[in-house]
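> Can you keep this structure in mind? I'll have questions shortly.
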Amino acid sequence: ASVREIDLLNAGSRGPDHCKAKYGLTRLSDMSKTEFKDIHLSDEKLPAQTINRRRNRLNKEASKTEGDKPCNNEPHNNVYVIIRKKRAAALPLQVDWRTKGVIGPVQDQGLCGACWAFSTVGTIEAMSAMKTGKLDKLSVQEVIDCAGLGNSGCAGGDICLLLDWLTMTDTAIPTEAEYPLRLTDGVCKAKKNTTGVKVKTFTCDDYVGAEDKILTSLANHGPVTVAVNALTWQHYLGGVIQFHCSGSALELNHAVELVGYDLTGDVPFYIAKNSWGKDFGNAGYLNLAIGSNICGLANEVATVDVK
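Residue numbers (UniProt numbering): 1 to 307.
See the structure below:
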């Protein structure tokens, strides 16, 4: 089944060879689709009110457009509009926060469905490093063990609910050395008055049809966290994902940190940091096409400011 799926994905990858997505056998390919979903996906769990809000929006959109396709096969439908806006806003053609020394190493969430924690803590880490000039590895485990508001540790959570909880409770995230990673659900051991990084404010927005705002954020503010549908990433080897990746707001099942973008090539793309280890994709990263809400990345976009 994996080989057939890989052939279909490769056959459907269009565009110049040097930038189209390439699919093949990976360490995740041994899993059945069900195992892959159970272990690596469905860890971005959305609150009921968010799902209802999205259903309402989707119903409104569906009434405007007939024959809506779940997969968007027009990857550049508004990328040129975005690039025109970008020029008007004088944004750089390339942004990569890794080159500034503010992005921590790629982590591996293993069998723990905590992408929502890894991606959000990664963004908080980066924003703290930009503010202080020092990159500290922060504790994802504290967030797994302690985050409330409907977040469920290794059983899933939501990036915006996490930021809401961190802000409401004024929780300080300590370093990983102080609260080590175990990749299992545990009792919350957060100490009162602990030192660490606190979230001052955050935004959580739907930028479908307005991805220029994501580029502006990446250029002028810093990395962002996004919810995605990663169903077709099981066999991803490299290149830019432009097709076969549903943009539906109701099919989000994973979360990643966007650390930059590149508008210079034939297919402009975002640089996404995943949490499936360094042997996934491009040393733990992947490239996602700009301009078509590929993999649903524009449905839930979070930015953070730290205290």
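For each residue, glycine too, the CB sits at the ideal point set by N, CA and C.
#1: So for Asn-220, helix, strand or coil by DSSP?
#2: Rounded to the nearest angstrom, how far is the Cβ of Val-226 from that of Ala-255, given a contact under 8 angstroms?
#3: Can you name the residues that DSSP bridges to Gln-94?
#4: Tell me Asp-305's beta-bridge partners as DSSP assigns them.
#5: What is the DSSP secondary structure of Lys-189, counted as helix, strand or coil?
#6: Lys-137 by DSSP, collapsed to three states: which one?
#7: Counting beta carbon pairs with one atom in the stretch 153-162 and one in the stretch 172-189, are three or more of them shorter than 8 angstroms?
#8: Going by beta carbon distance, what residues of the same chain come within less than 8 angstroms of Cys-188, once the five residues before and after it are set aside?
#9: Between which two residues does the alpha helix (DSSP H) harbouring Lys-20 extend?
#10: With a Cβ-Cβ cutoff of 8 angstroms, do Thr-195 and Ala-219 count as a contact?
#11: Would you say residue 308 and Gln-94 are within 8 angstroms of each other, going by their C-beta atoms?
#12: Tell me the rounded alpha-carbon separation between Leu-9 and Trp-165.
#13: Please classify Gly-139: is it buried, with 16 or more other beta-carbons within 10 angstroms of its beta-carbon, or exposed?
#14: Could you spell out where the alpha helix (DSSP H) holding Ile-124 opens and where it closes?
#15: Assign Gly-196 to one of three DSSP states: helix, strand, or coil.
#16: Assuming Ser-32 contacts His-235 (C-beta within less than 8 angstroms), just tell me the rounded distance between them.
#17: What is the residue span of the alpha helix (DSSP H) that Phe-269 lies within?
#18: Examine the Cβ distances between the stretch 288-304 and the stretch 202-221 and report whether three or more of them are shorter than 8 angstroms.
#19: By how many angstroms is the C-alpha of Gly-122 removed from the C-alpha of Gln-242?
#20: Compare the C-alpha of Ile-39 against each of Ala-114, Asp-7, Leu-162, Arg-4 and name the closest.
#21: Who are the near neighbours of Asp-17 in its chain, counting only those whose CB is closer than 6 angstroms to its CB and skipping five residues on each side?
#22: Trp-116 to Ile-159, Cα distance in whole Å?
Taking the coordinates as given:
#1: helix
#2: 7 angstroms
#3: Asp-262
#4: Thr-201
#5: coil
#6: coil
#7: yes
#8: Glu-142, Asp-145, Cys-146
#9: Note, Lys-20: premise wrong, no alpha helix (DSSP H); not H, not E.
#10: no
#11: This structure does not reach residue 308, given that the chain is present from 1 up to 307, and the question cannot be answered.
#12: 39 angstroms
#13: Per the sequence shown, the amino acid found at residue 139 is Ser instead of Gly. Buried, by the Cβ-count rule.
#14: 115-132
#15: coil
#16: Actually they do not touch by this definition, with Cβ atoms about 13 angstroms apart.
#17: Segment 269-273 is the beta strand (DSSP E) holding Phe-269; no alpha helix (DSSP H) there.
#18: Enough Cβ pairs lie closer than 8 angstroms, so yes.
#19: 25 angstroms
#20: Measuring from the Cα of Ile-39, the nearest candidate turns out to be Ala-114.
#21: none
#22: 5 angstroms
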